[in-house]
Structure formats: C-alpha cells, structure tokens
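Quick note on numbering: the sequence shown equals residues 3 to 597 in my numbering.
Here's the structure we're looking at; comments come further down.
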Amino acid sequence: MKKTILLLIAILTISPLSYSAVIDTNHVFGLTLDAVNGLARIDTALARLCKKPTTRIVFDEWVAATDYVQAVNEIKKYSFVMGELLDSYYVSQYTTAQYTARAFEYLNTLGTKVDIWEIGNEINGEWLGTTSDVVIKMDTAYKIFKAAGKKTALTLYYNKDCYSNAKNEMFYWVNKNVKQELRNGLDYVWISYYEDDCNNYQPDWQRVFDSLHVLFPNSKIGIGECGTLTASNKAEFINRYYRMNITTPNYVGGYFWWYFKQDCVPYTNALWTTFNNAISNFAPPATQSTNITYFRLGETSVSLSWINGSGTKRAVFMKDGTGTTPALQNGFTYTASSVFGKGMSDGNGWFCVYNGSALSNASGLVITELQPAHNYTAMVVEYNGFSGYEGYNLNTSTNNPILVQGFLPVELSSFNFSVTSNTVTLKWITAFEVNNSGFNIERRDKESEVWTNAGFVKGKGSSSVPVSYSFEDKNLKAGKYIYRLRQVDYNGSFTYYSLNGEPSVGIPVKFELSQNYPNPFNPVTRIDFSIPLDSRASLKIYDITGKEIKTLFNEYKQAGYYEITYDASSLTSGIYFYNLKTDYAAETKKMLLLK
Numbered sequence: 003m004k005k006t007i008l009l010l011i012a013i014l015t016i017s018p019l020s021y022s023a024v025i026d027t028n029h030v031f032g033l034t035l036d037a038v039n040g041l042a043r044i045d046t047a048l049a050r051l052c053k054k055p056t057t058r059i060v061f062d063e064w065v066a067a068t069d070y071v072q073a074v075n076e077i078k079k080y081s082f083v084m085g086e087l088l089d090s091y092y093v094s095q096y097t098t099a100q101y102t103a104r105a106f107e108y109l110n111t112l113g114t115k116v117d118i119w120e121i122g123n124e125i126n127g128e129w130l131g132t133t134s135d136v137v138i139k140m141d142t143a144y145k146i147f148k149a150a151g152k153k154t155a156l157t158l159y160y161n162k163d164c165y166s167n168a169k170n171e172m173f174y175w176v177n178k179n180v181k182q183e184l185r186n187g188l189d190y191v192w193i194s195y196y197e198d199d200c201n202n203y204q205p206d207w208q209r210v211f212d213s214l215h216v217l218f219p220n221s222k223i224g225i226g227e228c229g230t231l232t233a234s235n236k237a238e239f240i241n242r243y244y245r246m247n248i249t250t251p252n253y254v255g256g257y258f259w260w261y262f263k264q265d266c267v268p269y270t271n272a273l274w275t276t277f278n279n280a281i282s283n284f285a286p287p288a289t290q291s292t293n294i295t296y297f298r299l300g301e302t303s304v305s306l307s308w309i310n311g312s313g314t315k316r317a318v319f320m321k322d323g324t325g326t327t328p329a330l331q332n333g334f335t336y337t338a339s340s341v342f343g344k345g346m347s348d349g350n351g352w353f354c355v356y357n358g359s360a361l362s363n364a365s366g367l368v369i370t371e372l373q374p375a376h377n378y379t380a381m382v383v384e385y386n387g388f389s390g391y392e393g394y395n396l397n398t399s400t401n402n403p404i405l406v407q408g409f410l411p412v413e414l415s416s417f418n419f420s421v422t423s424n425t426v427t428l429k430w431i432t433a434f435e436v437n438n439s440g441f442n443i444e445r446r447d448k449e450s451e452v453w454t455n456a457g458f459v460k461g462k463g464s465s466s467v468p469v470s471y472s473f474e475d476k477n478l479k480a481g482k483y484i485y486r487l488r489q490v491d492y493n494g495s496f497t498y499y500s501l502n503g504e505p506s507v508g509i510p511v512k513f514e515l516s517q518n519y520p521n522p523f524n525p526v527t528r529i530d531f532s533i534p535l536d537s538r539a540s541l542k543i544y545d546i547t548g549k550e551i552k553t554l555f556n557e558y559k560q561a562g563y564y565e566i567t568y569d570a571s572s573l574t575s576g577i578y579f580y581n582l583k584t585d586y587a588a589e590t591k592k593m594l595l596l597k
C-alpha cells in the first residue's frame with residue numbers, strides 16, 4: 003500500500019533484449035511497480051536480472067484498463083505479471099458495483115497477459131472500509147477471475163500488536179471472514195509487512211507461515227509486500243527478506259519489494275545490484291545432506307557418502323581434528339581437490355575436497371593423503387547458485403559434520419530419524435559391536451545447551467553382523483531438536499554419535515484434546531492437548547453437576563503441543579469433566595477419580 007501517485011506519461015518502447023536468465027518455477031522472485039512511466043528503463047532493469055521476476059503492477063484507481071495495455075505487453079517480455087486489481091488505500095472509495103465492474107473491465111482487457119490476479123490487497127487493513135463491504139468485494143472478485151480460469155492471489159496485512167481494532171488482526175480476520183471456498187481455492191496467499199509501521203517488530207516468520215499454511219493448505223504462500231523509506235536500511239532489508247529461509251510447505255518467496263522503481267531503476271543504481279545479488283542465491287536448499295558416513299580404505303585415505311541433500315550443488319570440506327564448522331563466504335567459489343590440503347581453505351583449517359553438482363547422493367568420494375592415526379571432521383554443504391553467486395546459507399548447513407576417526411568398539415553404519423506428529427523416531431544400525439552395554443539417547447532443544455536423557459536402549463554386547471535399533475521420543479513440543487547417542491561399554495567407557503540433522507516438530511494441524519492418562523486415576527493424571535493456531539485458551543475441571551471445580555489455566559497460548567499434570571488430592575472419588583476452550587474450538591472429556 004506504500005502508494006506513490008504519479009501521472010501516466012507517454013510510454014517509451016525499447017528493442018527487446020535477449021533473455022538468458024535462469025527461471026526457477028519453485029520460487030517467485032517478486033517486485034512491485036507502483037507506476038509504469040519510464041518504461042524503457044524499467045524494461046532494461048527487468049531484462050538484466052539473473053532470474054525471471056514476477057512483477058506486481060499496481061493498477062491505479064479510476065484509470066481505465068486500456069491505459070495499461072502497452073505497459074503490460076512490454077513488461078511481459080521480461081517478467082511474469084501479477085496485476086493488483088486495486089490498491090488497498092482506495093478500496094473504500096469504490097462501491098461493490100464499481101469494484102465488480104473494474105474486475106470485469108481489467109479481466110476482459112488484460113486477462114491474456116496477466117499471470118496472477120491479486121483480487122484483494124492488504125485485505126484485513128483497517129482502512130479498507132466496513133468488513134462486510136470488503137468481504138463482498140473480495141468474494142466477488144475471486145469468483146469472477148476463478149470462473150475465467152485465472153490464477154488468483156490474496157494479500158493479507160500482518161499487524162501483530164499494531165492494530166487499533168483486534169478484529170483486524172490477520173489470523174482472526176481470516177478465520178472470521180475468508181470462506182472455505184477461498185481457503186481451498188486461492189492459488190497464492192501473500193503477507194504484506196512493513197516493519198517501519200510496526201515498531202520495527204521482527205516476526206517469527208517460520209511460525210507465521212506454518213500457521214498460514216494450516217489455513218490455506220493448497221495455496222502457494224510468501225511475502226507479498228515489503229520495503230522501507232529509510233535509505234540506510236534498504237540494502238539490509240532487501241538481503242534479509244529475499245534470503246529468508248522458510249521451510250513451510252508451498253512457501254515460494256515472493257517479497258515484491260514495493261520500491262523497486264524508485265530504488266532499482268535504472269539498473270545502474272547500486273540497489274539494483276543488491277537486489278540482483280539477493281535473488282541470485284535466493285533459495286537455500288530445502289534439505290541438507292544427512293546420513294554422512296565413511297569407510298576406511300586405508301590409513302591415509304577415506305571414502306565418504308551421504309544422501310538426501312536438495313541443493314543444486316554441494317561442497318565437501320574436511321579438517322584435521324575437530325572444531326567449528328567452516329567459515330564460508332557466500333558468493334565465493336571454492337576450488338576443490340580430493341587430495342587433502344590441496345583444495346581451497348576457508349582460512350581456519352577446512353579444505354574443500356569436492357565442489358560441484360555431479361555427486362548428489364555420493365557412494366564413494368575418496369579423499370587421499372590423510373595422516374595415519376589422525377581424526378578428521380567432514381562436512382557436506384548443500385547450496386544453490388552458480389559460480390560467483392553461491393549461497394552456502396550456513397544457517398541450514400551447520401548440522402551435519404561427522405568425525406572421521408580410528409577404531410571404535412561400536413561402528414554405526416547409519417543413524418537417521420523420522421517425525422510423526424510430535425513423536426521423533428530414531429533408527430540406527432551398527433556394523434559391528436564389541437563389549438556394547440547399550441545406548442543412552444540424549445536430546446536437547448536447538449536453542450539450549452542442556453542435554454536431557456530421553457531413554458536407554460540395551461546393546462547386543464558383541465556382534466560381528468549388523469544390528470538394528472530404534473527409539474521413539476514421544477510428546478515433544480513444537481521446535482527443532484538435536485540428538486546424540488551415548489554408547490556405553492560394559493567397562494563404563496563411552497563414545498558419542500551425533501545425529502546428522504535436526505528433527506523438527508511442527509505446529510499441530512488440528513485442535514485435539516486427548517483422554518487423560520492414567521484413567522481411572524488416583525490422584526494424579528496427565529492431560530495432553532494440541533492447538534493449531536495462536537489463541538487464548540483455558541482448561542477447566544467440572545464435577546458431575548457441571549459446577550466448575552478448578553481452572554488449570556486461562557491464558558494466551560501459542561500454537562503447539564502441550565501437556566499438563568492435574569493433582570486431584572482434594573477431591574472425592576467420582577466422575578469429573580475437563581474442558582479445553584480456545585477462540586475457535588472447544589472440547590470436553592470425562593475422567594474417573596478412584597481413591
């Protein structure tokens with residue numbers, strides 16, 4: 003909605019430039035044009051980008067669709083086009099009939115050229131008018147473009163703690179006003195956010211988009227508007243938004259920098275280069291390599307293997323000894339050599355032993371000229387980008403170092419995990435075992451340095467054949483976890499084996515209240531429940547007559563899995579009820595106290 007009002011002037015044309023940029027259909031590289039004058043310079047700035055962008059064209063209020071035909075035709079040569087039917091600032095000035103007429107006018111005039119139709123912009127904004135009018139306009143526009151077989155988008159306004167009316171809070175507004183037809187049928191759902199307008203608040207975007215995906219399970223989602231008027235912050239904002247690492251299903255980026263014309267046109271502006279570099283290595287890989295294993299070929303060589311990485315390329319680094327992960331520089335090409343010490347170093351003892359795209363699920367990268375009896379650390383870094391524009395994205399690639407070491411009483415041939423709801427299942431296989439008492443399973447939250455003992459699995463003693471093990475870690479709260487095995491010998495010595503990867507327990511997809519356990523109970527029992535959306539929630543105990551006995555809590559809770567222990571020492575034997583209530587759902591269950 004950051005509106006710049008400019009008169010449309012004579013539109014210039016330029017000869018088409020050859021377009022050789024990479025098109026990544028898994029992501030939307032969005033930008034916004036709030037005016038289309040100076041079209042020749044706009045086209046050049048678009049044509050020179052390394053990725054084919056998606057350009058939001060803001061169709062100005064009370065301007066005929068025919069006035070945009072030439073601009074859309076020109077921009078279409080170098081970009082996908084998303085047409086903003088009407089900026090949110092002007093929605094209140096249109097009657098429903100006028101909004102409907104505008105939808106038909108623009109569809110009939112530009113329908114074959116516009117790839118995505120934004121049927122509502124910042125739709126929950128407090129300035130759009132009465133909610134009932136806004137909903138009618140949104141629903142009507144959706145039906146018009148959907149009936150014509152067009153792709154539709156809806157942009158929401160993220161306003162946590164920045165609203166005057168709580169009913170305009172984004173998730174509340176969606177729950178109350180967006181029909182299931184739209185929730186299931188919208189092709190794209192965007193979020194507009196200007197932190198300058200919200201006390202510089204930094205949202206937990208992973209949690210925000212996880213929650214949004216629950217509401218719009220079929221839609222591609224991302225940031226629909228961002229920007230700042232503060233010149234000194236523009237480069238930082240562009241890099242921060244366009245390089246966001248979000249792992250939510252159907253997340254496609256977007257961002258749609260509102261000030262592209264002001265900041266990046268002509269392309270000789272410094273911020274154009276900033277923007278181009280940001281989208282060059284835009285997308286961190288969805289997954290990093292796991293199951294990194296090694297096989298000793300001799301005292302001075304080793305063979306590495308790994309699976310599951312989703313980057314377009316990968317770099318493998320090794321270090322003599324243990325230590326931190328490599329200090330890699332984005333946008334820097336590390337030359338590699340499988341002879342240890344001959345490849346390029348990060349300056350901290352890590353040497354690149356492989357860099358390329360040929361090995362994805364490697365079955366035997368052989369590293370030579372190692373020192374006998376030395377321990378080494380190996381790490382596989384998945385990344386996207388091409389030479390000079392690598393995006394190593396260390397925030398997602400620091401979770402898989404493996405220690406390449408000498409003889410151990412137990413050798414693991416694999417150690418992996420799976421996540422179901424709020425249960426993490428660990429599975430590992432030993433190639434052989436000597437004097438193995440068993441394994442302590444240790445866990446810590448990614449944000450904590452404190453390890454917790456999650457359980458123990460008895461070992462097989464000594465075995466010359468592979469042995470399979472598994473362990474279920476249940477009732478976990480939403481978050482990322484780090485696991486390791488503490489393998490213990492009968493003589494008390496131990497060795498650690500770290501899990502490659504960080505199991506992530508997402509927020510629940512549905513509201514659920516579990517049966518208390520144990521039941522019947524005396525006098526303590528546990529109640530588990532899950533909340534898919536942030537909400538005020540309460541859990542209360544009632545007797546058989548419906549009288550409230552106790553409130554276990556009544557407070558605002560974030561989406562997640564919860565458990566609470568209830569002590570009924572003060573009550574007599576009998577049937578009781580417990581009720582969980584949120585802003586959008588409630589459920590009651592029965593429990594039996596026997597003393």
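Don't be surprised by glycine CBs; every beta carbon is placed ideally from N, CA and C.
Taking the CB atoms as reference points, tell me whether K169 and W175 lie closer together than 8 Å. Along the sequence shown, one-based indexing puts residue 169 at 167. Along the sequence shown, one-based indexing puts residue 175 at 173. Contact: yes.
Here's the rule I'm using: 16 or more other beta-carbon atoms within 10 Å means buried, otherwise exposed. How should A149 be labelled? The residue labelled residue 149 in the question sits at position 147 within the sequence shown. Classification for A149: exposed.
Let me know the secondary structure DSSP gives N110 once reduced to three states. Position 108 of the sequence shown, counted from the first residue, corresponds to residue 110. In this structure, DSSP gives N110 a helical state, which the three-state scheme calls helix.
Is it buried or exposed for N377, if we count other Cβ within 10 angstroms and need 16 for buried? For the purposes of this step, residue 377 is taken as the residue at position 375 of the sequence shown. Counting other Cβ atoms within 10 Å of its Cβ, N377 stays below 16 and is therefore classed as exposed.
Between which two residues does the alpha helix (DSSP H) carrying F147 extend? Position 145 of the sequence shown, counted from the start, is the residue given in the question as residue 147. According to the DSSP assignment, F147 belongs to the alpha helix (DSSP H) that extends over T133 to A149.
Within a Cβ cutoff of 8 Å, which residues of the same chain sit near K162, ignoring the five residues on either side of it in sequence? Counting from 1 along the sequence shown, the entry for residue 162 is found at position 160. Sequence-distant partners of K162 (beyond 5 residues in either direction) whose C-beta falls short of 8 Å from its own C-beta, in its chain, are E171, M172, C200, Y203 and P205.
Under three-state DSSP, which class holds G92? Start at 1 with the first residue of the sequence shown, and residue 92 comes out as number 90. Correcting the residue type first, residue 92 is Tyr in the shown sequence and not Gly. Here Y92 sits in helix by DSSP.
Where S347 sits in the DSSP three-state scheme: Taking the first residue of the sequence shown as position 1, residue 347 is located at position 345. Three-state result, S347: strand.
Among T324, G323 and F319, which has the Cα closest to the Cα of S347? The sequence position of residue 347 within the sequence shown is 345, counting from 1. Scanning T324, G323 and F319 for the CA closest to the CA of S347 turns up F319.
Hey, does I223 have any beta-carbon neighbour from chain C nearer than 8 Å? Here chain C cannot be found, since the structure has a single protein chain.
Roughly how far, in whole angstroms, is the beta-carbon of L595 from the beta-carbon of P525, given that I think they are within contact range, below 8 Å? Start at 1 with the first residue of the sequence shown, and residue 595 comes out as number 593. Start at 1 with the first residue of the sequence shown, and residue 525 comes out as number 523. With a beta-carbon spacing of about 7 Å, L595 and P525 fall inside the 8 Å limit used to define contacts.
How many Å lie between S532 and F579 at the Cα? Start at 1 with the first residue of the sequence shown, and residue 532 comes out as number 530. Start at 1 with the first residue of the sequence shown, and residue 579 comes out as number 577. CA-CA distance, S532 to F579, rounds to 18 Å.
Rounded to a whole number of angstroms, what is the C-alpha to C-alpha distance between A23 and G85? For this step, residue 23 is matched to residue 21 along the sequence shown. For this step, residue 85 is matched to residue 83 along the sequence shown. For A23, the predicted structure reports a pLDDT of 36, less than 50, and the residue's modelled location is therefore unreliable. A value from the coordinates is still provided. Inter-residue distance for A23 and G85 is about 22 Å (C-alpha atoms, whole angstroms).
To the nearest angstrom, how far is it from the Cα of E514 to the Cα of K479? Locating residue 514 in the sequence shown gives position 512, counting from the first residue. Locating residue 479 in the sequence shown gives position 477, counting from the first residue. Roughly 14 Å separates the two Cα atoms.
When G508, I484, V511 and P505 are compared against Y498, the one with the closest alpha-carbon: Taking the first residue of the sequence shown as position 1, residue 498 is located at position 496. Nearest of G508, I484, V511 and P505 to Y498, Cα basis: I484.
Local conformation of D212 per DSSP, three classes: One-based indexing of the sequence shown puts residue 212 at position 210. Of the three classes helix, strand and coil, the one that applies to D212 here is helix, per DSSP.
Might you give, ordered along the chain, the residues of its own chain that have their beta carbon closer than 8 Å to the beta carbon of G131, omitting 5 neighbours on each side? Your numbering for residue 131 matches position 129 in the sequence shown. If we look at G131 and ignore the five residues flanking it on each side, its Cβ neighbours are V93 and S94.
Assuming Y101 contacts T142 under a Cβ cut-off of 8 Å, what Cβ separation, rounded to an integer in Å, is found between them? The residue you call residue 101 lines up with position 99 of the sequence shown. The residue you call residue 142 lines up with position 140 of the sequence shown. In this structure Y101 touches T142 by the C-beta definition: roughly 7 Å separates them, less than 8 Å.
Beta-carbon contacts of G440 that lie in its chain and below 7 Å, excluding the five residues immediately before and after: The residue labelled residue 440 in the question sits at position 438 within the sequence shown. Hits under 7 Å: F458, V459, K460, G461 and V490.
Distance check for W308 and V191, CA to CA, integer angstroms please. Within the sequence shown, the letter at position 189 stands for residue 191. Within the sequence shown, the letter at position 306 stands for residue 308. When rounded, the distance between both Cα atoms is 36 Å.
What separation, rounded to the nearest whole angstrom, lies between the Cα atoms of M246 and G548? As a working mapping, residue 246 is identified with position 244 in the sequence shown. As a working mapping, residue 548 is identified with position 546 in the sequence shown. If I take the Cα positions, the gap works out to 50 Å.
For the alpha helix (DSSP H) containing G508, list its first residue and its last residue. To locate residue 508, count along the sequence shown from 1; it is residue 506. Counting along the chain, G508 falls outside any alpha helix (DSSP H), and DSSP gives it neither H nor E.
Can you tell me whether K268 is buried or exposed? The criterion is at least 16 other CB atoms within 10 Å of its CB, across all chains shown. As a first step, residue 268 must be located in the sequence shown, where it is residue number 266. Before going on, a small fix: residue 268 reads as Pro here, not Lys. That one is exposed.
Could you spell out the range, first to last residue, of the beta strand (DSSP E) harbouring L414? Reading the sequence shown from its first residue, position 412 is the one you call residue 414. For L414, the uninterrupted beta strand (DSSP E) segment begins and ends at V412 to T422.
Considering Cα atoms alone, identify which of A288, E444, A561 and N402 is closest to R488. Sequence index remark: in the sequence shown, residue 488 carries index 486 (1-based). Out of A288, E444, A561 and N402, E444 has the C-alpha closest to the C-alpha of R488.
Shortest alpha-carbon distance to R538 belongs to which of T584, S500 and I577? Reading the sequence shown from its first residue, position 536 is the one you call residue 538. Closest by alpha carbon: T584.
First and last residue of the uninterrupted beta strand (DSSP E) at Y257: In the sequence shown, the residue the question calls residue 257 occupies position 255. Segment Y253 to W259, the beta strand (DSSP E) holding Y257.
Considering Cα atoms alone, identify which of I543, T34 and K54 is closest to A570. Position 568 of the sequence shown, counted from the start, is the residue given in the question as residue 570. Relative to A570, the option among I543, T34 and K54 whose CA is nearest is I543.
So, is Q290 buried or exposed, given that buried needs 16 or more other C-beta atoms within 10 angstroms? In the sequence shown, the residue the question calls residue 290 occupies position 288. Buried, since its Cβ has 16 or more Cβ neighbours within 10 Å.
Rounded to whole angstroms, how far is the Cβ of S2 from the Cβ of Y296, which I believe are closer than 8 Å? Missing from the structure shown is residue 2; the chain here goes from 3 to 597 and no further.
Can you have a look at P328 and say buried or exposed, based on whether 16 or more other CB atoms are within 10 angstroms of its CB? For this step, residue 328 is matched to residue 326 along the sequence shown. Per the 10 Å Cβ criterion, buried.
Under 8 Å, do N357 and N437 count as touching if we go by C-beta distance? Position 355 of the sequence shown, counted from the start, is the residue given in the question as residue 357. Position 435 of the sequence shown, counted from the start, is the residue given in the question as residue 437. Taking 8 Å as the Cβ cut-off, N357 and N437 do not qualify as a contacting pair.
Cα-Cα separation, D447 to I59: As a first step, residue 447 must be located in the sequence shown, where it is residue number 445. As a first step, residue 59 must be located in the sequence shown, where it is residue number 57. Distance between the alpha carbons of D447 and I59 is about 44 Å.
Please report the straight-line C-alpha distance between G408 and N350, rounded to a whole angstrom. Position 406 of the sequence shown, counted from the first residue, corresponds to residue 408. Position 348 of the sequence shown, counted from the first residue, corresponds to residue 350. Residue placement at G408 cannot be trusted, given a pLDDT of 45 that sits under 50; what the coordinates show is reported in the next sentence. So the alpha carbons of these two residues sit roughly 23 Å apart.
Whole-angstrom distance between S540 and F555, CA atom to CA atom: Residue 555 sits at position 553 when you count from the first residue of the sequence shown. Residue 540 sits at position 538 when you count from the first residue of the sequence shown. Rounded to the nearest angstrom, the two C-alpha atoms are 5 Å apart.
Just tell me which of V136, A237, T302 and P287 has its CA closest to the CA of T1. There is no way to answer for residue 1, as the model of the chain reaches only from 3 to 597.
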